[in-house]
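Q: This is the structure I want to talk about, given as structure tokens.
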Amino acid sequence: MSVKDNLDHIKQDIKEICTSVNRKPEEINIIGVTKYVSNETAKEAVQAGVYHLGENRDQGLLEKSEALENKVTWHFIGSLQSRKVKNIIGTVDYIHSLDRIALAEEINKRSSGKKVKCFVQVNGSYEKAKHGVHPDEVLEFIKNLEPYPYIQVVGLMTMAEHTDDERVIRNTFATVSELKKRVQALKLPFAPCTELSMGMSNDYKIAIEEGATFIRIGSALVGSKT
Ligand SMILES: *Cc1c(COP(=O)(O)O)cnc(C)c1O
1 MSVKDNLDHI
11 KQDIKEICTS
21 VNRKPEEINI
31 IGVTKYVSNE
41 TAKEAVQAGV
51 YHLGENRDQG
61 LLEKSEALEN
71 KVTWHFIGSL
81 QSRKVKNIIG
91 TVDYIHSLDR
101 IALAEEINKR
111 SSGKKVKCFV
121 QVNGSYEKAK
131 HGVHPDEVLE
141 FIKNLEPYPY
151 IQVVGLMTMA
161 EHTDDERVIR
171 NTFATVSELK
181 KRVQALKLPF
191 APCTELSMGM
201 SNDYKIAIEE
211 GATFIRIGSA
221 LVGSKT
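Have a look at this one:
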């Protein structure tokens with residue numbers, strides 16, 4: 001299967017799911033996760049019409065962005081060490097892994113006077129090994145971002161547990177979806193929080209049903225090796 005075939009298949013899925021839950025397919029942005037694949041395969045994705053790409057390492061992001069035309073919107077989706085911020089800040093359009101104040105401080109400091117679009121990563125699966133702010137602490141965490149004028153909280157991001165139990169996955173996505181509404185209700189000027197980054201190859205259908213606006217698709221789109 002080519003990337004184009006995979007994309008057509010995913011788009012068809014999105015259409016059907018949106019119809020069933022009364023959403024518009026245009027609300028769903030596909031981020032092609034290229035961390036497993038070559039520059040060539042990433043190019044193939046762009047040629048097929050995927051304009052959002054995601055990487056989870058600073059080197060991968062820099063290498064791919066150099067190899068690709070600048071029409072790509074770049075997403076950093078991995079856990080981010082503060083000392084790596086300076087490497088990616090000039091290249092990345094969205095950071096999906098804001099999960100601690102020290103990181104906000106560093107992003108703010110390196111922003112060179114431009115607002116940086118960030119998702120606050122939430123540990124919606126309550127797994128000990130997972131990164132992200134505990135769901136009970138998300139509202140407080142976001143309020144505490146006020147002193148950092150270049151941080152803009154565009155939404156929340158989460159990863160579900162790797163399991164076949166659909167109820168467990170849905171519960172994570174529903175929890176974070178509900179939290180997003182509560183953040184929006186605060187009407188903080190620095191945290192419009194209109195977006196939800198959730199859903200990967202194995203669970204994007206459930207994520208869309210629960211309100212995802214950005215789905216992060218690696219293996220189902222570009223494969224996992226090239
Ligand atoms: C790798 C990765 C993905 C994509 O995973 P697939 O299961 O291959 O779709 C999505 N989000 C994050 C944070 C990732 O690290």
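Under the working numbering, the sequence shown has 5 at position 5, and the numbering climbs by one with no breaks.
Ideal placement from N, C-alpha and C gives every residue a C-beta, glycine not left out.
Just so it is clear, the structure is predicted and the values come from calculations on it, not from any experiment.
1) In three-state DSSP terms, what is Thr-73?
2) The alpha helix (DSSP H) that contains His-9, what's its start and end?
3) Roughly how many whole angstroms lie between the Cα atoms of Glu-178 and Ile-107?
4) Which whole-angstrom value is the C-beta distance of Gln-121 and Met-157, which I expect to be below 8 Å?
5) Reducing DSSP to helix, strand and coil, say where Lys-84 ends up.
6) I'd like the span of the beta strand (DSSP E) that includes Asn-29, first residue to last.
7) In three-state DSSP terms, what is Val-222?
8) Can you tell me the Cα-Cα spacing of Val-21 and Arg-83, whole angstroms?
9) Excluding five sequence neighbours on each side, which residues of the same chain lie with their C-beta closer than 6 Å to the C-beta of Lys-180?
10) Mapping DSSP to helix, strand and coil, what is Leu-68?
11) Considering only residues of the same chain and omitting the five flanking positions on each side of Asn-230, which have a CB-CB separation below 7 Å?
12) Specify the secondary structure class of Leu-103 as computed by DSSP and reduced to three states.
13) In angstroms, rounded to a whole number, what distance separates the CA positions of Asn-171 and Glu-210?
14) Determine the extent of the beta strand (DSSP E) in which Lys-227 is found, giving its start and end residues.
15) Is Ala-45 close to ligand 1? I mean its beta-carbon at under 8 Å from any heavy atom of the ligand.
16) Are at least three pairs of beta-carbons, each pair with one atom in the segment 109–129 and one in the segment 52–72, less than 8 Å apart?
A: Based on what the coordinates show:
1) When secondary structure is reduced to three states using DSSP, Thr-73 falls in the strand class.
2) That run of the alpha helix (DSSP H) goes 3–21.
3) In this structure, the straight-line span from the alpha carbon of Glu-178 to that of Ile-107 is close to 27 Å.
4) Yes, Gln-121 and Met-157 are in contact; Cβ-Cβ is about 5 Å, under 8 Å.
5) Secondary structure of Lys-84 (DSSP, three-state): helix.
6) From DSSP, the beta strand (DSSP E) with Asn-29 extends over 29–33.
7) In this structure, Val-222 counts as helix in the three-state DSSP scheme.
8) Separation of Val-21 and Arg-83 (C-alpha to C-alpha, rounded to the nearest whole angstrom) is 42 Å.
9) Closer than 6 Å at Cβ, skipping near neighbours: Leu-156, Cys-193 and Leu-196.
10) Coil.
11) Nothing in the structure corresponds to residue 230, since the chain is present only between 1 and 226.
12) Three-state DSSP puts Leu-103 in a helix.
13) Rounded to whole angstroms, Asn-171 and Glu-210 show a C-alpha spacing of 9 Å.
14) Residue 227 is absent from the model: the chain starts at 1 and stops at 226.
15) Distances taken from the Cβ of Ala-45 to the heavy atoms of ligand 1 include none shorter than 8 Å.
16) Contact between the segment 109–129 and the segment 52–72 is absent, with fewer than three C-beta pairs closer than 8 Å.
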